[in-house]
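Chains as they are written, first to last, in my numbering: chain L, 709 to 822; chain F, 3 to 242.
Ideal Cβ placement from N, Cα and C applies to all residues, glycine included.
Remarks on the structure that follows.
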Amino acid sequence: MNWDQALAQEGSRWREAALRQVDTERLLQGTMRRLERDGLTPTEAMALMSHLLEPLCGKGAAESTMTAASRRCGGLSARNWRTFVACLSELISSFCGAAAGRLVDQAGLSLELA
Amino acid sequence: MVEWGEFIKLMAYVAALAYCCRIRADHPRPARMRQAWTWLAVSSGLSILRHAYELVGYLADWELDRMSWRQILIVLALLALTWGLVELAAAFRAVGFGLHWRRLDWFWLAAIVVLAVPVVVHRHQLGDANSTIAAMRSLQFLSSILLAVPAALALGLHRISVEMTGGKWATALQWMVAFLVSRLVCLCLLTAVPDSWLVVTLLGWAAPWMFVLAAAERWNVTRAAEKMSDQIFAGANKAS
Numbered sequence: 709m710n711w712d713q714a715l716a717q718e719g720s721r722w723r724e725a726a727l728r729q730v731d732t733e734r735l736l737q738g739t740m741r742r743l744e745r746d747g748l749t750p751t752e753a754m755a756l757m758s759h760l761l762e763p764l765c766g767k768g769a770a771e772s773t774m775t776a777a778s779r780r781c782g783g784l785s786a787r788n789w790r791t792f793v794a795c796l797s798e799l800i801s802s803f804c805g806a807a808a809g810r811l812v813d814q815a816g817l818s819l820e821l822a
Numbered sequence: 003m004v005e006w007g008e009f010i011k012l013m014a015y016v017a018a019l020a021y022c023c024r025i026r027a028d029h030p031r032p033a034r035m036r037q038a039w040t041w042l043a044v045s046s047g048l049s050i051l052r053h054a055y056e057l058v059g060y061l062a063d064w065e066l067d068r069m070s071w072r073q074i075l076i077v078l079a080l081l082a083l084t085w086g087l088v089e090l091a092a093a094f095r096a097v098g099f100g101l102h103w104r105r106l107d108w109f110w111l112a113a114i115v116v117l118a119v120p121v122v123v124h125r126h127q128l129g130d131a132n133s134t135i136a137a138m139r140s141l142q143f144l145s146s147i148l149l150a151v152p153a154a155l156a157l158g159l160h161r162i163s164v165e166m167t168g169g170k171w172a173t174a175l176q177w178m179v180a181f182l183v184s185r186l187v188c189l190c191l192l193t194a195v196p197d198s199w200l201v202v203t204l205l206g207w208a209a210p211w212m213f214v215l216a217a218a219e220r221w222n223v224t225r226a227a228e229k230m231s232d233q234i235f236a237g238a239n240k241a242s
């Protein structure tokens with residue numbers, strides 16, 4: 709099971725357990741603190757970027773463009789994240805327009821990787 | 003009623019032109035997608051001229067020969083549309099979409115060829131085929147064939163939309179496919195099924211609006227991206 713599926717399953721478990729608002733907020737705050745402290749792994753960052761792009765160009769396009777960008781910048785790691793974001797922005801803007809390319813740039817560069 | 007039809011189509015292409023120009027501006031200069039939307043804008047502009055010409059013609063009750071000069075605008079608009087679609091598909095192919103056709107796609111391509119046959123065979127039933135100007139009759143023959151080419155290109159766009167798996171862009175492509183195929187179906191019904199005038203009229207009025215919906219949905223990609231960028235920028239400012 710990949711990270712994305714695990715997260716979706718966890719989310720549905722929360723909903724089923726009918727957590728109180730306070731509990732949900734506490735859990736979210738804990739997650740955000742963990743992310744601030746440790747940063748994201750490249751896979752988590754890619755999943756976030758994929759979720760960002762899905763409403764615009766679809767899940768299939770988001771995934772295949774990220775695979776192409778990763779191949780173009782010689783593999784994905786925390787060290788070459790900026791190069792990856794630049795490649796992804798270029799590819800996305802080629803078919804979704806400059807505004808979508810800028811969005812990828814802004815969102816990608818705002819992420820802190822571990 | 004014919005005049006109203008022309009007016010509805012004219013308005014649709016005015017809206018389409020406005021969207022095409024906006025989308026074109028969203029693509030940087032050397033991009034193929036910019037070329038694609040430029041040609042789609044040119045096609046919309048020529049369609050505006052064509053429907054304005056026809057509207058004036060119907061209102062002034064022009065004779066057939068004078069009316070048949072519209073074939074020049076029809077052929078030019080179809081050429082611009084075809085070239086725009088080729089550029090659009092090429093821009094997607096450059097990033098790896100639409101490269102793998104399925105067996106079903108070849109079936110649909112065959113269906114489009116089958117749809118185009120009655121249009122060519124029964125083209126003498128179309129208005130301008132009876133024009134005394136030989137060049138206009140030739141252009142009318144050419145436009146019947148040219149209408150099938152964008153419909154065939156629509157299959158490539160359909161494959162791309164399937165590969166994209168959802169999203170606003172895929173919806174835009176599906177509307178474009180509906181626009182391109184419905185025009186061919188319309189002409190096929192007009193030539194092959196004599197009693198289908200009501201369906202043909204309604205589909206003929208609706209078709210250009212499908213193109214408007216396609217362009218509007220593509221423009222929504224830009225608007226949504228700008229909105230999300232603003233939210234991220236606002237969030238980053240708040241955090242700092």
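{"Check": "Length of the line joining the Cα atoms of F/Trp199 and F/Met3", "Outcome": "13 Å"}
{"Check": "Pick from F/Ala194, F/Ala156, F/Val58, F/Ile76 that is closest to F/Gln142, judged by C-alpha positions", "Outcome": "F/Ile76"}
{"Check": "F/Leu101 in three-state terms, based on DSSP", "Outcome": "coil"}
{"Check": "Contact with chain L by F/Glu228, beta-carbon distance below 8 Å", "Outcome": "yes"}
{"Check": "L/Leu819 in three-state terms, based on DSSP", "Outcome": "coil"}
{"Check": "Chain F contact residues for L/Gln814, given Cβ-Cβ distances below 9 Å", "Outcome": "Met230, Ser231, Ile234, Phe235, Ala238"}
{"Check": "Closest Cα partner of L/Phe792 within the set L/His759, L/Ala807, L/Ala815", "Outcome": "L/Ala815"}
{"Check": "Rounded straight-line distance, which links the Cα of F/Asn239 to that of F/Ala253", "Outcome": "Because chain F is modelled from 3 through 242, residue 253 of chain F falls outside the range shown and cannot be assessed."}
{"Check": "Partners in chain L for F/Pro166, counting only beta-carbon separations shorter than 7 Å", "Outcome": "Per the sequence shown, residue 166 of chain F should be read as Met rather than Pro. Going along chain L in sequence order, the residues near F/Met166 (Cβ under 7 Å) are Cys765, Gly766, Gly768, Ala769."}
{"Check": "Under the three-state DSSP convention, the category F/Leu12 falls into", "Outcome": "helix"}
{"Check": "C-alpha gap between L/Glu771 and F/Pro152, whole angstroms", "Outcome": "29 Å"}
{"Check": "Counted within 10 angstroms of its Cβ, other Cβ atoms place F/Val116 as buried (16 or more) or exposed", "Outcome": "exposed"}
{"Check": "Helix, strand or coil at L/Leu748 [DSSP, three-state]", "Outcome": "strand"}
{"Check": "For F/Ala217 and F/Val122, the rounded distance between their alpha carbons", "Outcome": "30 Å"}
{"Check": "Closest Cα partner of F/Leu31 within the set L/Ala822, L/Cys765, L/Asp813, L/Ser801", "Outcome": "The amino acid at residue 31 of chain F is misidentified as Leu; the sequence shows Arg. Answer by Cα proximity: L/Ser801."}
{"Check": "Any C-beta of chain F under 8 Å from that of L/Leu760", "Outcome": "yes"}
{"Check": "For F/Ile114, the three-state DSSP class (helix, strand or coil)", "Outcome": "helix"}
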